[in-house]
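Here's the structure we're looking at; comments come further down.
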Amino acid sequence: MGNSFGKLFRISTFGESHGKGLGVIIDGCPAGLKIDEEYIRNEMQRRKPGQSKITTQRKEEDEFQILSGVFEGKSTGTPIGMVIMNTDQKSKDYGHIADKFRPSHADYTYQEKYGIRDYRGGGRSSARETSARVAAGAIAKLMLKHFGISIQAYVSQVGDLKLEKSYLDLDLDQTENNIIRCPDPVMAEKMIDFIDEIRKSRDTVGGVVSCVAKGVPPGLGEPVFDRLNAELGKAMLSINAVKGFEYGSGFEGVKMRGSEHNDIFYTEGDKVKTRTNYSGGIQGGISNGEDIYFKVAFKPVATIMIDQESVNEVGESVTVSGKGRHDPCVVPRAVPIVEAMGALVLADYLLISRANKL
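Here is the structure:
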């Protein structure tokens, strides 16, 4: 039913935005992994609402509880169950759109698919569902760390404000030093001011999250339909509000000739490396040992505090009025979500690779 992701390191999420809570079951996590609950808590704090003036003011601490699969601080190899309870629902904020379809939301499509929908905050279609993904992704990141793999995302664009520098020219340790999560302090201030202007005008704006995974060994990926880049694309496009995904040179690569774009091999000690990395660390759908880097484009948040024309469930013309607490720009809180989904893919393919050859 589309609520599960992964093959060996597999997750299933459940819950709605204004239900009692959300949760995830992680199946396939190897036994013996140290489960650092403080690390998981920090990841949840990075995603939670109400963390700054440029995010929704819904107050959810996103405290989690591990119900199973962990004993004396380590994974047991059995399913890990986690729950995050909702505490600050204001369902009355959505009573006025109980029978109306909000423009660019999932209201109409859910109604057509199921014949019933939870209109409170979008129900299952709400980005609140991603809290469960971040919880699972934190465990995946702990597993990757065990194998010397890191994954780090940051905001590289908001509206027309674009960070032109490559991740290689940035200090990614600066990412968490500001509320926009942009590692360039000057651009970060411009982005923050811009989003605040958009918020005050009762509108929203989109942006781009860039991500890089380092230390990924060569050989991850399952051609032909389960290429590593294809699975990363699926993972990112499954995130709410995502409209685009590109890796390596991406769309800019079409401007280059093959003689410019080809990544030339050379040896460094006993390792094969490439002099450039337009491939984004993936060739033939398989990791080649270089950094894997990609970008994820997010649309403007659909809920705006401006009246819009729409229709209701019986096809009558209506006016939809914005109400409630919503992000003026989703990208600051999307950073840990992108990392989480990337980590889940890499953790899964890392386990699969161990069964590929004798």
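Quick note: the sequence shown, position 195, residue 197 per the working numbering, numbers continuous. Note that the Cβ used here is the ideal one computed from N, Cα and C, for glycine as well.
{"query": "Assuming A215 is part of the beta strand (DSSP E), what are its boundary residues?", "result": "G209 to K216"}
{"query": "Between the region 319-328 and the region 262-273, do at least 3 Cβ pairs fall closer than 8 Å?", "result": "no"}
{"query": "Rank S212, I141 and Y41 by C-alpha distance to the C-alpha of C184 and give the top, closest one.", "result": "S212"}
{"query": "Please identify the residue among V347, V244, C31 and D186 whose C-alpha is closest to the C-alpha of V303.", "result": "V244"}
{"query": "Determine the DSSP secondary structure at F11, reduced to helix, strand or coil.", "result": "coil"}
{"query": "With DSSP collapsed to three states, give me the class of L222.", "result": "coil"}
{"query": "With the cut-off set at 8 Å, would you say V361 and C331 are in Cβ contact?", "result": "Outside the shown range of the chain (3 to 360) lies residue 361, about which nothing can therefore be said."}
{"query": "For a test of the three-state rule: what should DSSP assign to T321, helix, strand or coil?", "result": "strand"}
{"query": "Could you have a look at Q67 and say whether DSSP puts it in helix, strand or coil?", "result": "strand"}
{"query": "To the nearest angstrom, report how far apart R204 and S168 are at their CA atoms.", "result": "33 Å"}
{"query": "Excluding the five sequence neighbours on either side, which residues of its own chain have a C-beta within less than 8 Å of the C-beta of V337, listed in chain order?", "result": "R48, A155, Y156, V157, T177, R183 and V211"}
{"query": "Among S70, Y110, A137 and G291, which one has its Cα closest to the Cα of G125?", "result": "Y110"}
{"query": "Could you have a look at K167 and say whether DSSP puts it in helix, strand or coil?", "result": "coil"}
{"query": "Is the beta carbon of G25 closer than 8 Å to that of F11?", "result": "no"}
{"query": "What residue range does the alpha helix (DSSP H) around E233 cover?", "result": "L230 to L239"}
{"query": "Any C-beta of chain D sitting closer than 8 Å to the C-beta of A129?", "result": "Among the chains of the structure shown, chain D does not appear; only one protein chain is present."}
{"query": "Let me know the secondary structure DSSP gives K143 once reduced to three states.", "result": "helix"}
{"query": "Please list, in chain order, all residues of the same chain as S355 whose beta carbon is under 7 Å from its beta carbon, the five residues on each side excluded.", "result": "G221 and L222"}
{"query": "Unbroken beta strand (DSSP E) runs of length 3 or more, entirely within the region 248-316: which are they?", "result": "267-270, 273-276, 294-300 and 310-313"}
{"query": "Evaluate contact between the region 265-275 and the region 184-201, counting only Cβ atoms and requiring at least three cross-stretch pairs below 8 Å.", "result": "no"}
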